[in-house]
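Residue numbering for the sequence shown follows this note's numbering, starting at 1 and increasing by one per position. A short worksheet on the structure shown next.
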Amino acid sequence: MIAHHNWFFRDGDPLEGGPLVIFDLDGVISDASHRQHFMRGERKDFRGFFTAAVDDPPLPVGRALAASVTDDHAVAILTARPFYVVDGTRDWLSANDVRHDLLILRPRWGRFRSSPSADFKRSELQRLREAGYEVKVALDDDERVVDMYRSEGVFALYVHSGYYDR
């Protein structure tokens with residue numbers, strides 16, 4: 001089993017491949033509306049935006065959808081959140097009882113602003129496939145990411161968060 005430093009298995013042990021459902025976190029499972037002000041203006045405050053995520057309320061529908069995935073499918077949360085918020089993110093998922101088997105964040109290396117979410121998530125999709133996962137469904141609130149999943153042959157659902165212009 002391939003494991004990467006930006007992959008965090010809920011129970012600590014890597015899962016064998018198999019059917020998998022991917023959920024985005026911000027705007028799908030967590031309500032990031034209270035921190036959108038960090039992303040306005042010419043100079044965006046990414047650190048402020050992501051570190052404030054610990055105060056997000058959960059989105060009941062997204063949490064219920066993750067909980068409804070059958071036990072024969074693993075649940076991955078694939079988020080564009082950077083590696084430095086891993087502890088707060090894991091604590092938030094646990095405190096809000098969000099079903100997931102795997103959490104994937106942006107790696108600690110690389111330049112955040114130079115890699116759009118769709119590019120990052122495409123590379124992680126490839127890594128998931130290489131690790132033996134069969135991605136059956138993906139849910140995201142960024143239409144560019146949904147388009148990417150669809151171009152890769154993944155059934156993808158768009159979740160309207162209101163954070164992105166259409």
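C-beta atoms are modelled at their ideal positions from N, C-alpha and C, and glycine is treated no differently.
Which of helix, strand or coil DSSP assigns to residue i
{"i": "R99", "result": "coil"}
{"i": "D140", "result": "strand"}
{"i": "L128", "result": "helix"}
{"i": "L157", "result": "strand"}
{"i": "G116", "result": "Position check: residue 116 holds Pro in this sequence, whereas Gly was assumed. Of the three classes helix, strand and coil, the one that applies to P116 here is coil, per DSSP."}
{"i": "P58", "result": "strand"}
{"i": "D45", "result": "coil"}
Residues sharing a beta bridge with residue i, DSSP
{"i": "L20", "result": "A74, V135"}
{"i": "W7", "result": "I104"}
{"i": "L244", "result": "Because the chain here runs from 1 to 166, residue 244 falls outside it and cannot be looked at."}
{"i": "P82", "result": "R106"}
Inter-residue spacing [alpha-carbon to alpha-carbon] between residue i and residue j
{"i": "T70", "j": "F155", "result": "17 Å"}
{"i": "S68", "j": "R99", "result": "9 Å"}
{"i": "D56", "j": "R47", "result": "15 Å"}
{"i": "I61", "j": "R108", "result": "First, the residue type needs correcting, since residue 61 is Val and not Ile in the sequence shown. Whole-angstrom Cα-Cα distance: 30 Å."}
{"i": "D31", "j": "L59", "result": "6 Å"}
{"i": "Y149", "j": "A138", "result": "7 Å"}
Own chain partners of residue i with C-beta closer than 7 Å, once the 5 adjacent residues on each side are dropped
{"i": "Q36", "result": "Y163"}
{"i": "L20", "result": "H73, A74, A76, L128, Y133, E134, V135, K136"}
{"i": "F120", "result": "A80, R106"}
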